[in-house]
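Everything below concerns the one structure shown next.
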Amino acid sequence: MFTGDARRFLASIPDRSIKLIVTSPPYNVGKAYESRKAIKSYLDDQGSVISELCRVLRDDGSICWQTGNYIEKGEVYPLDIHYYPLFKSLNLRLRGRIIWKFGHGLHASRRFSGRYETILWFTKGDRYTFNLDAIRVPSKYPGKRAYKGPAKGKPSGNPSGKNPSDVWDLLNADWDTKIWDIPNVKARHPEKTAHPAQFPVELAERCVLALTNRRDIVFDPYAGVGSTMIAALKDGRRAYGSEADPKYVEIAQDRINRLVKGDLKLRHLGTPVYVPGANERVAQIPSEWLNGHPTSYQTTLLEP
397 MFTGDARRFL ASIPDRSIKL IVTSPPYNVG KAYESRKAIK SYLDDQGSVI
447 SELCRVLRDD GSICWQTGNY IEKGEVYPLD IHYYPLFKSL NLRLRGRIIW
497 KFGHGLHASR RFSGRYETIL WFTKGDRYTF NLDAIRVPSK YPGKRAYKGP
547 AKGKPSGNPS GKNPSDVWDL LNADWDTKIW DIPNVKARHP EKTAHPAQFP
597 VELAERCVLA LTNRRDIVFD PYAGVGSTMI AALKDGRRAY GSEADPKYVE
647 IAQDRINRLV KGDLKLRHLG TPVYVPGANE RVAQIPSEWL NGHPTSYQTT
697 LLEP
């Protein structure tokens with residue numbers, strides 16, 4: 397893992413050597429690890445990084461670019477929309493726009509609270525890796541049979557499961573839909589570190605399984621505390637990463653060492669999202685909310 401600016405490390409990587417790039421770039425929202433800039437200046441800087449990423453990407457490789465929104469004076473700038481022309485200018489092809497849905501995040505009082513981010517999946521060409529069997533999900537109707545043609549009466553599906561759509565909803569079935577319902581890394585998440593915007597290993601692991609083969613190289617130019625690298629190493633891939641903040645590099649290296657030893661705490665792929673039971677205290681409506689003016693909770697209780 398390289399400590400320093402991503403562009404410095406990228407300059408040392410040979411052309412067409414990386415199979416998959418999975419990353420979450422700074423959102424330009426003023427976190428401790430970034431300097432807030434005008435939106436145009438921010439996108440210009442990211443454009444120069446993306447150009448280098450395209451250079452090192454294999455002809456059969458993919459980029460998964462996970463991002464959220466930039467907010468200025470209360471106005472929302474959806475960064476994936478602003479990023480799209482940067483990738484298209486380099487002749488990359490958008491294969492999927494995936495929604496990562498999570499249950500907790502920053503609350504808002506003058507707009508709807510944000511509960512999703514997006515992953516743009518681009519390929520460099522039309523020949524790319526996509527491991528369908530690694531990501532099949534159970535069929536909703538496995539007993540369905542063909543009703544006409546030469547296969548009439550025979551099972552019409554695949555015994556390994558169905559091809560997932562581009563909406564992935566883990567509450568229904570793992571990999572089953574374009575919304576990925578994966579908890580973000582907050583206080584009680586088993587993977588939580590000191591990083592304020594850490595994404596879960598599970599998010600990167602899905603991209604790794606679908607878009608690479610064993611021993612392929614996976615690279616994260618904004619590696620943070622190493623979630624992408626851990627996902628790659630966990631599934632038998634090689635991993636490169638660069639990170640500007642030395643304290644995050646130290647955390648990432650410690651996490652990788654613990655992965656090798658077998659004692660790294662992870663939320664494993666496909667773990668159901670926790671839903672509190674009706675009798676749990678956190679699921680109870682506070683009595684104070686029921687003794688005053690009508691609330692949405694009272695309205696819900698009164699509905700037939």
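The opening position of the sequence shown corresponds to residue 397 in this note's numbering, with each subsequent residue numbered one higher. Glycine included, each C-beta is placed from N, C-alpha and C at the ideal position. It should be emphasised that the depicted structure is a prediction, and the values quoted were computed from it without experimental measurement.
By the beta-carbon neighbour count (other beta carbons within 10 angstroms, threshold 16), ARG611 is exposed.
Nearest to ASP455 by C-alpha distance, out of LEU607, ALA627, ASP616, is LEU607. Sorting GLU513, SER535, LEU486 by C-alpha distance to the C-alpha of ILE446 places LEU486 at the top. Taking each of GLY539, SER556, LYS433, THR519 in turn and checking the Cα distance to ILE531, the smallest one comes out for SER556. The C-beta distance from LEU629 to ILE613 rounds to 11 Å, too long to fall under 8 Å, and the pair is not in contact. Following the DSSP letters along the chain, one finds TYR466 inside the beta strand (DSSP E) bounded by residues 465-468.
The Cβ atoms of VAL645 and ALA619 lie closer than 9 Å to each other. Using a Cβ distance threshold of 9 Å, LEU490 and GLY443 do not count as a contacting pair. Here the stretch 525-545 makes no contact with the stretch 632-639; the two share fewer than three CB pairs at distances below 8 Å.
Taking 9 Å as the cut-off, the beta carbon of ASP631 is found no closer than this to the beta carbon of LEU660.
DSSP, reduced to helix, strand and coil, places ALA635 within a strand of the structure shown. When the alpha-carbon of PHE518 is set against those of GLY545, SER458, LEU453, ARG541, the nearest one is in SER458.
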